Amino acid sequence: MLKAIIYKTNTGHTLEYAKMLSKDLDIPAYDIKELKKFKECLKIDDEIIYMGWVCAGRISGLTKINNGYKIVCTIAVGAYPDSKENFETLRIGNNINDNNKLFYIRGGINLEKLNPLLKKIFKIVGRKLEKSDKEYNRELANMFIKGKSFVRKENLDKIEKYLKKIKDK
């Protein structure tokens with residue numbers, strides 16, 4: 000039985016999704032920073048959903064949570080559009096097996112909440128992508144330079160369908 004959502008957010012997109020999912024599934028959501036708080040509420044073998052932001056192919060915080068709690072679903076929140084290649088890279092690179100269903104949803108980039116170094120790196124990447132003749136790269140460039148949120152309730156639809164099936168098992 001699903002007991003909680005544990006998440007790690009950087010600029011707020013994962014937090015927004017965690018709040019939506021928490022409300023819809025009627026289970027609590029805990030920031031990974033609240034480790035003491037949720038350790039008091041959860042047993043080590045309880046089933047949870049883990050949500051983390053993606054940076055350089057890694058789902059942040061996943062290894063910290065992976066030791067003990069039974070993660071039935073991992074939701075990776077990233078800036079890039081969903082693709083089969085991106086999904087497989089995340090699954091393999093984060094050692095996600097068949098017992099832990101992986102979903103990827105698009106969050107975005109919030110430049111206002113990034114640390115100065117990341118903000119500078121993103122703008123450099125954006126300027127390089129601007130020079131591309133591919134429309135896809137120019138769209139990404141705009142996101143890296145100006146920031147953009149792709150958080151939408153409907154992005155959770157397929158995840159909620161899956162989770163509602165297993166919630167009360």
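Heads up: the sequence shown begins at 0 in numbering that gives the first Met the number 0, then just goes up one per residue. Glycine residues also receive a C-beta, built at the ideal position from the N, C-alpha and C atoms. Nothing here was measured: the structure is a model prediction, and the numbers come from that model.
Across the structure, residue 24 and residue 6 are spaced so that their CA atoms are roughly 15 angstroms apart.
Note on residue 135: under 16 other CB atoms within 10 angstroms of its CB, so exposed under the neighbour-count rule.
By the Cβ rule, the segment 74-93 counts as touching the segment 55-62, because three or more pairs are nearer than 8 angstroms. The beta carbons of residue 13 and residue 106 sit closer together than 8 angstroms. Contact annotation, residue 144 with residue 122: C-beta distance approximately 6 angstroms; criterion of less than 8 angstroms satisfied. CA-CA distance, residue 120 to residue 65, rounds to 30 angstroms. Cβ neighbours of residue 157 within its own chain (closer than 8 angstroms, five residues either side excluded): 102. In chain order, 56 place their CB closer than 6 angstroms to the CB of residue 88, counting only its own chain and leaving out the 5 sequence neighbours on each side.
Taken through DSSP and simplified to helix, strand or coil, residue 59 comes out as coil.
When DSSP states are grouped into helix, strand and coil, residue 30 belongs to the strand group. DSSP lists 107 as the bridge partner or partners of residue 148. If you ignore the 5 residues before and after residue 19, its C-beta comes within less than 8 angstroms of the C-beta of 152 and 155, all in its own chain and listed in chain order.
Counting only residues of its own chain and dropping the five nearest sequence neighbours on each side, residue 110 has a CB closer than 6 angstroms to the CB of 118 and 146. Looking at the DSSP output, residue 53 sits in a beta bridge with 58. In terms of Cα proximity to residue 46, the closest of 26, 35, 91 and 36 is 26.
By the beta-carbon neighbour count (other beta carbons within 10 angstroms, threshold 16), residue 10 is buried.
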